[in-house]
Structure formats: C-alpha cells, structure tokens
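>
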C-alpha cells in the first residue's frame, strides 16, 4: 500500500456495548491495512495457541493475557494506522458499564466516532449512553458500524431494522442521522474492501467512510492557549513549563496569563538539547518559556495572546454527564479539573435533566443529578478559572468532576461570555481574590434580599447625608441590612491620608466604591453619600460595582446653589469664599451634573417623606432576590 507523507492525524474513538466487537473490528482494520508491526500477529497466534485459544484479531489490541481471559477491554488504547489519504489515531474505548469513565477520557480526544452495534443484539443500554455522550464531548462526526452481519446471514432486513432504530434514537437526542454501514469484523467483510456478501449495500466500506470524515480544524490556527504545568529554575532563569494546546507561540510575542491577566513578553524557549531549541512552538508541543518580565505564574494558568483571550470567571453554565455511584448534590464540593487547573467547585443549580436510559426529560429544577443522567447546570468555583466555550476551543472547554482522585463526571462549558477586548492586563502579583464557602446568592436567600450600591451625588448642602441616613434607618426597620458610607466619615479613617485635590478626590471615590462593593457582596445595601463631582469618577465607581455583578443606582440629590448655601450647617461655603478651603465644589471647583442618573431628588421641591418614598422604591427594586437565567434561554445550551 502506498502511504501519504501527510502528517495530519485524525483521532477516532471506537465505542459500543460490551461484546459488540470493537476490539475485533480495530484489529481487523489494522491487519488489513498493513499497519500491524511485522511478526506481531504471529507472536500473538503462538501465545493464543499456548493458552489453548484460537487466534482472534482482537488480540492485536487486547494483548495482555489478563484482558484476553476477561474478554473485556478495561482501558483506552491508542493505535496509529494510515490510509492513502491520511493518518489516524484509533482510540479503542471500553464499553463495559463500570469502565465508562475510561471511555470518557479516551473520547475526549477524538474528532470522530465509530459506534459499533451487534447485528444480533441491536441497540443496547450502552449504545444509548454512548450516543448521548458523544455530542457532550464535542464529537459531531459519527459512523455506525453494524457488526457481526455474518451471524444474521448478512440480512439486509435486519440491517435496515437496526438503522431505523438508531435513526429514531438520534432524532430523540436532537442529533443528525449518522452514516451507517454493515460489516463483519471477524470475517473481514466491508472493512477495507466492499463485501461480496452484501451487494445490496450501496455505500462503501468502513475505510472509505473514515476517509470521508472532514478533517479536523488545524489546532495551530485556533487562538493561542498555553497550559502551564510547572515552574522550574535553571540558574538565574525561571522556566515556565507547559504545553501549547492550540495556536502558535513565537519568540517576542506578548502573553497574558489567566486567571489574573499577568502580562509578559516571551524572550526565548528552553529545551534540551539547546541546539534544537526552536523560535516558535505550535499546538501539541510541550516546551518551557523564558519570560522577559518577572511575573507571578503558577501551574494551572493559561497563556494567551493579548487579543483572542479565554474567559476568566468563577461561575459558568455547563452540560455534564454524571457517572458517580451516588447522586451529584447541589452545593456539595467536588474537584474540577480543566487542562492543568484543579479547583474546588459546586453545582449551584440543576436545570434540564435527561435520563440516559429512558431519554426522559425533566425541566423542573432538581436537588441533584442521578447516576447516568445528563444535566444542564450552573457551576461555581472557589477561585477564578480560565476556560473557553467548548464550541470555540474544545481543549480548554472540557472538564471533569472528581472526588478523592476518583472521576465522577465530565462536561463541557457552554454559553459563557468572553471578556471585553479592552480588558487591561494586571500588574504582576501573587494575589487572587479569595472567597469563602458562602457565596452572594446564599447570603441573599438567607437574608431575603441581595446587596446593592445606592450612590448619592450632589453639592454640599443638597441633602445627601440626611437622606442617606434616613434611607438606612427605613431599610433597617424593614429587616434589610444597610450601611451608610458618608464622605466625612470616610475621611476620618479610610481616606485620612487624602486631601481635596482632583487626584485625591478621585482616589477617595475609588476607595469608597471598593468598600461599597464589599458591603454589597456581603448582602448589605451600601449607601454612599459623596459629592463625587466628576462624571468620570462616578462612572468608574459604577464599573467597579457592575464588574462584580452588583446593582448600582446613581441618585442625583440637588437644590439651587443659594439653597445649599443657606442650609450649610458647617459654614463650608463661607469658608471657601474666604479662601480658607481651596477647590471647594460649587465655589472654585466645578460640579458635573449627571447625564443618566437612575433617580433625581430635588430636595427644594419635595418633602422629606416624598424623597424617602422615591428612594425606597428604587432601592427595593435593586435588591430583589437574584434570579439566575435559565440555561435553556441560551442557544448554545442545545449543543
């Protein structure tokens, strides 16, 4: 056979119910394409004879005597072979129920699948499970091989019956109808050459069907993802070791490392021997990086370019398949592994659930996921995680859930939002935002309300502090936790080192916004009363809140300047006019009127009761219990 010199390798997973002939099929495929090492078949034939067993092509895979005795494949095995068109990596995955976890690890690497079905037994329990798992693992190209046709006298009727049942199954799963073909692995019918026993079959043999599978997208053409595996020292140099999962990395490229957005330029690669060290590395290459800047990078981080970046989040929607002996329970902690990242995670919500055996769908929220169920869930991790949607980059969009080293389930990220392109890098620091066991939603459910920031802005004397403390008291009497961050009070402690220059006022507002965010994250209503005269500073305060998912309401409290002067209990305006206070807003420093405040309170026109009514209304609307969006509302949830 003439072999192509192309280096393209297409990974194919072979799956099916136990004893449906997967290993025999692969062994026959390898043998008939001349891909078996010289003398291997003869060696196994002698070993089988010594055991008093007839030689079978399955022995080419199940070469261990223990596995031959059990007649069960217990792990995934990757075998290479070639056709005239391209190279393949055939992944033989177990079909036995207790070995389903091993099948997951094998199938996760595959571009296409061969689903083997016994012509005598037809569609069985594992056939249905495997068909459901394949799209979750991102495998869209499926070939159904109806095997052991020799045991049904190569009956076209029986073949059509099985193909019809599979068409119904795939339709129920919302999957396109697969390519199907009849064959007999034991006798070599319709594997490499068309079968003379089944002239009624108008399609080609298995080899032709494999060669018809579209080539996978080039991994080096995808956005750069470099998975950090470890950090080493070589003299004074710090080496960041890892693997280029997708994309291409070149000396001189600028990188962002996630989570954390640490930025550095690649000075050189470090490999051994040094004379073979490259100037660029593409997908699939393990290497070590020497960075120009000394930044904090650790195992689990993912390097990207400055443009097409991954998602950094602690909460994301996913579709999972649960394999554990006990149900997955909402709120319980599991270990989530994604590439080299490992982090504690919980499922916060279970949405649409599909039973793998009956295909029944339950749309109502459930307290957990039973074994062999597929579910759309909302996952929350204890610290930030870097990932992609599996539909964009499968390598960084697939994960497993485990406990005490035991794999309990697997899944894909779907429908998560990518960051804005303008997101700035963060200066090097070994610091991450650390969160405890209780998240914002649990606090909200326990307290009966969520947190929010109500930001009062306006001239001195307009009534900000008076209304802020009245609102605080009214909320507290209704059982709502609230606290006022008053401008004067902040300057007694948190901002005692600041004066009233533009730069210091900007820093004072930033500190107030960060403090308010922490209060609101804890479930309180943070009522901020600051002059905050400039729109840009108020916009930054809003961004700090909204980046954390906290409701922010700007309230413009105003009255004519003469009214504010007349109310002035501290004589601040008089002192400013005498020159005792410089850069005082309304006297020698401007105030920029809000352009899009959620509420305006003209205190010279409204009574205190009317002002408070409006403030209570906007606050209560902001702190209603948060409703998480249904995963089914996202089109990507149907992947």
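Residue numbers (the working numbering): 895 to 1533.
Glycine included, every Cβ here is placed at the ideal spot set by N, Cα and C.
Please read all numbers here as calculations on a predicted model, not as lab measurements.
To the nearest angstrom, how far is it from the Cα of residue 959 to the Cα of residue 1218?
Annotation note: pLDDT 29 at residue 959 (below 50); position unreliable, coordinate value reported separately. So the alpha carbons of these two residues sit roughly 30 Å apart.
> Taking residue 1126 as part of the beta strand (DSSP E), name the residues at either end of that continuous run.
1119–1128
> Is the stretch 1070–1082 touching the stretch 1041–1049, taking contact as three or more C-beta pairs under 8 Å?
Contact holds between the stretch 1070–1082 and the stretch 1041–1049, because three or more Cβ pairs, one in each stretch, are under 8 Å apart.
> Under 8 Å between C-beta atoms, does residue 1260 make it to chain C?
Looking for chain C here will not work: only one protein chain is present.
> Within the same chain, show all residues whose beta-carbon is closer than 8 Å to that of residue 1535, passing over the 5 residues directly before and after it, in chain order.
Past the boundaries of the shown model lies residue 1535; the chain is included only from 895 to 1533, so the question cannot be answered.
> Give every residue of the same chain whose Cβ lies closer than 6 Å to the Cβ of residue 1294, excluding the five residues on either side of it in the sequence, and list them in chain order.
Same-chain partners within the cutoff: 1231, 1301 and 1304.
> What did DSSP end up calling residue 1047 once you bin it into helix, strand or coil?
DSSP places residue 1047 in coil when its eight states are reduced to three.
> Using 8 Å as the Cβ pair cut-off and three pairs as the minimum, do the stretch 1447–1456 and the stretch 1393–1412 touch?
no
> So, for residue 1209: in the same chain, excluding its five sequence neighbours on each side, which residues have a beta-carbon less than 8 Å away from its beta-carbon?
1242, 1272, 1273, 1274 and 1275
> Under three-state DSSP, which class holds residue 1496?
strand
> Considering only DSSP beta bridges, list what residue 1078 is partnered with.
1083
> At a cut of 8 Å, does the stretch 1211–1225 reach the stretch 1151–1161 through at least three beta carbon pairs?
no
> Between which two residues does the alpha helix (DSSP H) harbouring residue 1383 extend?
1381–1384
> When you compare only the Cα positions, how much space is there between residue 1028 and residue 975?
Cα to Cα, the separation comes out at about 23 Å.
> At which residues does the alpha helix (DSSP H) containing residue 1469 begin and terminate?
Unbroken alpha helix (DSSP H) run through residue 1469: 1466–1471.
> Could you check where the beta strand (DSSP E) with residue 1211 kicks off and where it finishes?
Per DSSP, the unbroken beta strand (DSSP E) holding residue 1211 starts and ends at 1205–1216.
> Name the two residues that bound the continuous alpha helix (DSSP H) containing residue 1105.
1100–1105
> Can you tell me whether residue 1053 is buried or exposed? The criterion is at least 16 other CB atoms within 10 Å of its CB, across all chains shown.
buried
> Using a 10 Å radius around the Cβ and a threshold of 16 neighbouring Cβ atoms, would you call residue 1446 buried or exposed?
Counting C-beta atoms within 10 angstroms of its own C-beta, residue 1446 has 16 or more neighbours from the protein chains shown and is therefore classed as buried.
> Taking C-beta to C-beta, are residue 1413 and residue 1345 nearer than 8 Å?
yes
> Could you tell me the distance, in whole angstroms, from the CA atom of residue 1288 to the CA atom of residue 1118?
Rounded to whole angstroms, the gap between the alpha carbons of residue 1288 and residue 1118 is 13 Å.
> Which first and last residues belong to the beta strand (DSSP E) in which residue 1434 is found?
Taken as a continuous stretch (DSSP letters only), residue 1434 belongs to no beta strand (DSSP E), being part of the alpha helix (DSSP H) at 1429–1441.
> Alpha carbon to alpha carbon, how far is residue 973 from residue 1215?
Rounded to whole angstroms, the gap between the alpha carbons of residue 973 and residue 1215 is 27 Å.
> Is residue 924 helix, strand or coil when you go by DSSP?
helix
> Using 8 Å as the threshold, is the stretch 1135–1146 in touch with the stretch 1107–1117, meaning 3 or more CB pairs across them?
yes
> Since I believe residue 1067 is in contact with residue 1025 (beta carbons under 8 Å), could you give me their beta-carbon distance rounded to a whole number of angstroms?
Going by Cβ atoms, the distance from residue 1025 to residue 1067 rounds to 6 Å, so yes, they are a contact pair.
> I'd like the list of long-range same chain contacts for residue 1035, defined as Cβ closer than 6 Å, with 5 residues on each side in sequence excluded.
Around residue 1035: 1006 and 1107.
> Does the Cβ of residue 1431 have 16 or more other Cβ atoms within 10 Å, making it buried, or fewer, making it exposed?
With 16 or more other Cβ atoms within 10 Å, it is buried.
> Measuring alpha carbon to alpha carbon, tell me which residue in 1160, 1065 and 1484 is nearest residue 1354.
1484
> Tell me the DSSP secondary structure of residue 1164 in three-state form.
coil
> State the Cα-Cα distance for the pair residue 1124 and residue 1168, rounded to the nearest angstrom.
20 Å
> Could you round the C-beta distance between residue 1194 and residue 1134 to whole angstroms and report it? I think they count as a contact, below 8 Å.
With 8 Å as the limit, residue 1194 and residue 1134 do not qualify as a contact, their Cβ atoms being about 12 Å apart.
> Mapping the DSSP letters down to three states, classify residue 1179 as helix, strand or coil.
coil
> Which two residues bound the contiguous beta strand (DSSP E) that contains residue 1459?
Note, residue 1459: premise wrong, no beta strand (DSSP E); alpha helix (DSSP H) at 1455–1461.
> Under the three-state reduction of DSSP, which class applies to residue 1485: helix, strand or coil?
coil
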